[in-house]
Amino acid sequence: MPSVCFYFQVHQPSRLRRYGVFDVGRRHDYFDARLDEAIVRKVAARCYRPMNQLLLELVERHAGRFRCAFSISGSAIEQLERWAPEVIESFQALARSGCVEILGETYYHSLSFLASADEFHAQVQRHREKVTELFGTRPAVFRNTELIYADALAPHVERLGFRGVLAEGADAVLGWRSPNFVYAAPGDPDVRLLLKNYRLSDDIAFRFGDRNWEGHPLSAEKFAGWIHAVNGCGDLVNLFMDYETFGEHQWESTGIFEFMRRLPDRVLEHVDGSFVTPSEAIASYAPAAELSFPRFTSWADAERDLTAWLGNAMQASAHRSLYELRDAVMRSGDADLIEDWRRLTTSDHFYYMCTKWFSDGDVHKYFSPYESPYEAHIGFLNALADLALRAGA
Amino acid sequence: MLGAANKVLMLGWELPPRFAGGVGIVCGALTRALARRGLDVTYLMPQADPQAPGRGVRVIGADRVATLGVASPLHSYASSAPPVRVPGEAVPPDGTPLYGANLLEAVERFSAAAVDSVVDEGVDFDVIHAHDWTTFPAGALLRHSSGKPLVAHVHITEFDKSGGAHADPRVFAIEQAGMCAADLVVTVSRRIAETCISRYGVDPSRIRVVYNGVDADRDDRGPGLPLRPLVLFLGRVTLQKGPEYFLRAAQRVLELEPDAHFVLAGTGDQLPRMVETAAELGLGRRVLFPGFVDRDRAAELYASADVFVMPSVSEPFGIVPLEAMDRGVPVIVSRQSGVSELLRNALKVDFWDVEDLAGKIVAALRYPSLSHHLRDAGREEVGRMSWDAVAEQVQRIYQEVARA
C-alpha cells in the first residue's frame with residue numbers, strides 16, 4: 003500500500019474595506035480588520051479548533067504513525083495570534099509532536115514569484131523566520147501560493163534551501179505518468195517534486211458531501227480501499243487540500259470529521275499502510291524520473307493555470323501597477339507603507355477580480371466579499387492610488 | 015393537444031414612430047422579433063401610423079378612438095401635473111395637456127372600438143397580448159368575445175409610477191382587473207412581479223418574468239461632442255428617474271475630476287427644478303441640458319460618453335442602459351432598477367448613495383482597466399440579450415396559454 007501524505011493549507015487574507023476614491027490622499031486605512039476578525043473567529047470555531055483537536059487525538063492514539071503537514075500563511079498566522087491564539091497553541095502542540103511538518107511559503111500568500119524575484123525571496127525568508135520562531139522548526143519543503151509551479155521556480159527553491167516543492171499533478175504535465183511517485187526537477191535534481199493526486203484529494207475536498215456523487219457516502223473504509231488500489235503503481239498518494247475543507251467547505255453534518263477520525267485506522271490496518279510528511283517522502287522515495295513543468299500550473303479550477311488571478315485585463319493591470327510601485331515603496335523605508343503594499347500582494351485580492359464565471363452568471367462559484375469583480379477592482383485601485391501618493395511615485 | 019399560437023393580436027398604446035416612451039420601443043422591437051420568428055402579428059393601437067414597423071406586421075388603428083380627440087403624440091405615461099415648457103421641446107400645437115382626466119375616457123373608447131375594429135378588419139388570431147393598463151380593458155373584452163387566451167404584459171404599474179402613495183384608484187382597479195382576466199401575466203422584472211403579487215394579488219404561478227432585449231444598433235454613431243470626459247444621463251427628467259442624484263454626484267465628481275462634463279438629456283416635469291439645482295450646486299457650464307433628444311442625437315451622446323448613469327429611484331426595467339452598453343459605454347445603474355437584476359457587467363449603486371455613485375463615476379473615468387473591461391464585457395453581455403431570444407420566450411408563453 004502506498005504511503006499517504008496529507009498537506010493542509012491554512013490561509014486568511016487581509017481584506018480591503020470599502021476604500022473610496024474620496025479617501026485617496028486623506029486616509030490610509032485600507033484594510034477591514036473587523037471583517038477579518040469575524041471570519042477568522044468563525045473559521046476557528048468551525049474548522050481550526052475542532053480539527054486541530056482531532057489531529058492531536060490521532061497523533062496520540064496512533065503513537066506517531068499518523069503524520070501530516072501544514073502550510074500556514076504569514077497573514078493567517080498574524081490573524082490567529084490576534085484573534086484565536088488558542089489555535090496557534092494547538093498548531094504548536096501538533097508541531098511539537100514530531101508528527102506534523104510545517105512547510106514554507108510566501109508570507110503574504112502572494113503571486114510575487116510571477117512579478118519580482120526579490121520580493122519573492124524576501125517574503126519566503128520572512129515566512130521562514132516567523133515559522134521557525136513560532137514552531138521551533140525550519141521549513142524544509144516549499145509550497146508556492148495555490149500550488150503555482152513551473153520549472154523556473156526550481157532554482158529559486160533550491161537557492162532558498164528547500165529540498166522539495168509541492169505542485170499540482172496536472173494531467174497536462176503528467177500525461178501517462180502517475181502523480182504517485184516522487185519526481186525530480188530537471189536541471190535541479192536536488193529539488194524533488196511532490197504532486198497532488200487531484201482525484202483522491204478532490205474526493206475529500208470537493209465531493210465528500212455531494213449526494214449526487216456516485217461515491218457518496220464516502221466511508222473511511224471505501225477511501226482507504228481506493229488508496230490501496232494504487233498498490234504497485236505508486237509509492238505515495240499526496241492528498242493536498244485547503245484546511246477549511248473540514249467544517250467550512252464540508253460542514254460537520256456531512257460527517258467529514260468522523261471520516262478523518264477513522265481514516266488512519268483503515269490505512270494503518272494494512273501491514274504496509276503508513277503516513278508520511280513531505281520531508282519523509284522525499285527522504286524515503288527515490289525520484290521516479292525528472293518531470294518538466296514548462297508552463298505555470300496551479301491547483302485552481304479545471305484549467306489548472308493562472309487565470310483565476312491574472313486571467314483578465316483588470317487583474318493583470320492591477321498586479322502590474324502594484325509591482326510598478328515596489329521600488330518607490332521600498333526606497334521610502336517607511337515600515338507601515340511597506341507592510342500595506344505587501345498586504346496588497348496577497349493573491350486573494352486578484353482572485354476577487356476574476357470574471358471567469360461571473361460573465362456566465364455563476365457568481366457563487368467564487369467566494370468573494372464583493373458584489374462583483376468590478377467592485378473589487380475599483381477598491382484595489384483606489385487603495386493603490388493612495389499608496390502611490392504616499393510612496394511619492 | 016396543442017392549441018395554435020401562431021397568430022397574435024397585439025394591443026398597444028404606442029408604437030414607433032408614434033411613441034412617447036420606452037414601452038413603445040419595447041413593443042415595436044418585440045413585435046418585429048415575433049414576426050421574424052414567423053408569427054403573424056396584428057398590432058392594434060388607438061391611432062395607426064401608415065409606417066408599419068416591419069415585414070410581417072400589420073398595424074391597424076382603432077380609428078374611431080383617434081377621431082375622438084386623442085391627438086398625437088400619444089403619451090400614456092404623462093403625469094397629471096401641468097405640462098412644462100422646455101426650450102426646444104416639441105409641444106402639442108394647441109399647448110394643452112394631452113391626457114390627465116381624458117386618458118381614462120380614451121382608454122374606455124379604445125376598449126369599445128377595439129372589438130369593432132377587430133371584427134371590421136376581419137382579424138384572425140390565436141392569442142391576445144396586451145401591453146399595460148391602457149390596453150387591458152380592450153384585452154379583457156376581446157378575450158370575452160373571442161374566447162382566445164389573454165397575455166397581460168406589465169411594463170410598469172400605477173404603483174411604481176406613483177411610488178405607492180398616490181396611486182390613482184381607478185387606474186389601479188383597471189390594472190388589477192386586467193391581470194385578473196389574463197391567462198398569464200408577463201412582467202419585465204422580478205421587481206414588477208413582486209409588485210403584482212403583493213399589491214395586486216396575482217397568484218405567483220400565473221406570472222412569467224421576461225426581461226426586455228436590445229437590438230444591436232451600432233452603425234449610427236454620430237461624430238460625437240467635443241466635451242470630454244463626459245458623463246451621461248438620458249431619460250425622462252422625473253422624480254422616478256433620480257436626476258437630482260446625478261447632479262449631486264456631479265458636484266462630488268468635479269472635486270476630483272474638474273474637467274468632467276455632465277449631460278442631463280431628456281425632458282420632464284423636474285427639468286426646471288434640475289436646472290435650478292445645478293445652479294445652486296455651482297455646477298455652471300459643467301452640466302448641459304439638451305432637452306429631448308431623438309435617436310440620432312442620442313447616438314451622438316453615446317458616442318461621446320465615457321460613462322452612462324441611470325440613478326432611478328424606481329425602475330420597472332430600464333432599457334436605456336442596455337442601449338448604452340451596446341454602444342460600448344460603461345454603465346452605472348441603481349439597484350432599484352429591474353435591469354440591475356440581470357446585468358452583470360455594470361456597476362451598481364443604491365440611488366441615494368451619492369458618495370458611492372460619485373466614486374464609481376470617478377473610477378470609470380480614471381481606470382482604463384475598469385472601463386475597457388466594462389465596455390467589452392458589457393457589449394458581449396448585451397449581444398446575448400437579443401429581441402430574438404426574448405421573442406422565443408414569449409412564443410413559449412403563447413404556446414402555454416393556447417394549450418391550457
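Sequences listed follow chains A and B, in order.
At position 252 of the first sequence the residue is numbered 254 (the numbering used here), and the sequence of numbers has no breaks.
At position 315 of the second sequence the residue is numbered 329 (the numbering used here), and the sequence of numbers has no breaks.
All C-beta atoms, glycine included, are put in the ideal place defined by N, C-alpha and C.
Minimum Cβ-Cβ distance from residue i to chain A less than 8 Å
i	result
glutamate 369 of chain B	yes
histidine 386 of chain B	yes
alanine 403 of chain B	no
serine 383 of chain B	yes
glycine 373 of chain B	yes
valine 245 of chain B	no
alanine 195 of chain B	no
leucine 270 of chain B	yes
alanine 391 of chain B	yes
serine 400 of chain B	no
Chain B residues whose Cβ lies nearer than 9 Å to that of residue i
i	result
leucine 18 of chain A	Those within 9 Å of leucine 18 of chain A in chain B number zero; the least Cβ separation is about 14 Å.
threonine 357 of chain A	Arg358, Asn359, His387 and Ala391
Closer than 8 Å to chain C by CB, residue i
i	result
lysine 255 of chain B	The structure shown contains no chain C; the protein chains it does contain are A and B.
Listed by chain order, chain B residues near residue i by CB distance under 8 Å
i	result
asparagine 199 of chain A	Within chain B, no residue comes near asparagine 199 of chain A; the closest Cβ sits about 36 Å away, beyond 8 Å.
alanine 315 of chain A	Ser383, His386 and His387
threonine 309 of chain A	The premise fails here: threonine 309 of chain A is roughly 14 Å from chain B at the closest Cβ pair, so nothing lies under 8 Å.
Whole-angstrom C-beta distance between residue j and residue i, which should lie under 8 Å
i	j	result
glycine 211 of chain A	glutamine 252 of chain A	5 Å
valine 345 of chain B	alanine 338 of chain B	5 Å
leucine 23 of chain B	leucine 53 of chain B	Between leucine 53 of chain B and leucine 23 of chain B the Cβ distance is about 11 Å, and since that is not below 8 Å, they are no contact.
histidine 321 of chain A	leucine 312 of chain A	6 Å
phenylalanine 8 of chain A	leucine 197 of chain A	Not a contact, Cβ separation roughly 14 Å.
serine 383 of chain B	methionine 316 of chain A	5 Å
leucine 202 of chain A	phenylalanine 261 of chain A	Leucine 202 of chain A to phenylalanine 261 of chain A, Cβ: 13 Å. No contact.
valine 89 of chain A	tyrosine 50 of chain A	5 Å
alanine 393 of chain A	serine 334 of chain A	6 Å
phenylalanine 137 of chain A	leucine 105 of chain A	Contact flag wrong, Cβ pair sits at about 11 Å.
alanine 279 of chain B	leucine 246 of chain B	7 Å
valine 321 of chain B	methionine 288 of chain B	The Cβ separation is near 19 Å, so there is no contact.
Min CB distance residue i to chain B below 8 Å
i	result
tryptophan 147 of chain A	A quick correction: the sequence has threonine, not tryptophan, at residue 147 of chain A. So, not an interface residue.
leucine 383 of chain A	yes
phenylalanine 23 of chain A	It should be pointed out that residue 23 of chain A corresponds to valine in this sequence rather than to phenylalanine. So, interface residue.
tyrosine 376 of chain A	yes
serine 370 of chain A	no
alanine 320 of chain A	yes
histidine 379 of chain A	yes
threonine 299 of chain A	no
threonine 2 of chain A	Outside the shown range of chain A, which is 3 to 395, sits residue 2 of chain A, and nothing can be said about it.
glycine 363 of chain A	Here glycine 363 of chain A scores only 48 on pLDDT, less than 50, and its place in the model should not be relied on; the value that follows carries that caveat. So yes, glycine 363 of chain A belongs to the interface.
aspartate 31 of chain A	no
Chain A residues whose Cβ lies nearer than 7 Å to that of residue i
i	result
valine 376 of chain B	Val23
Under 9 Å by beta carbon: chain A residues contacting residue i
i	result
leucine 361 of chain B	Ser374, Tyr376, Glu377 and Ile380
Where residue i meets chain B, residues with beta-carbon distance less than 7 Å
i	result
threonine 279 of chain A	Here the premise fails: no neighbours, minimum Cβ distance about 43 Å.
Heavy atom of the ligand SAM within 7 Å of residue i beta-carbon
i	result
valine 327 of chain B	The model on display carries no ligand, and the ligand SAM is accordingly not part of it.
Near-chain B residues of the segment 230-257 of chain A (beta-carbon distance less than 8 Å), N- to C-terminal order: none
To be precise: take each residue of the segment 126-143 of chain A, compare its Cβ to all Cβ atoms of chain B, and keep it if any distance is under 7 Å. Which residues remain? none
Kindly provide the ranges of any alpha helix (DSSP H) runs that are 4 or more residues long and lie completely inside the segment 109-165 of chain B, ordered along the chain. 115-134 and 150-160
Residue ranges of each beta strand (DSSP E) within the segment 98-172 of chain A, 3 or longer: 102-104, 143-145 and 166-170
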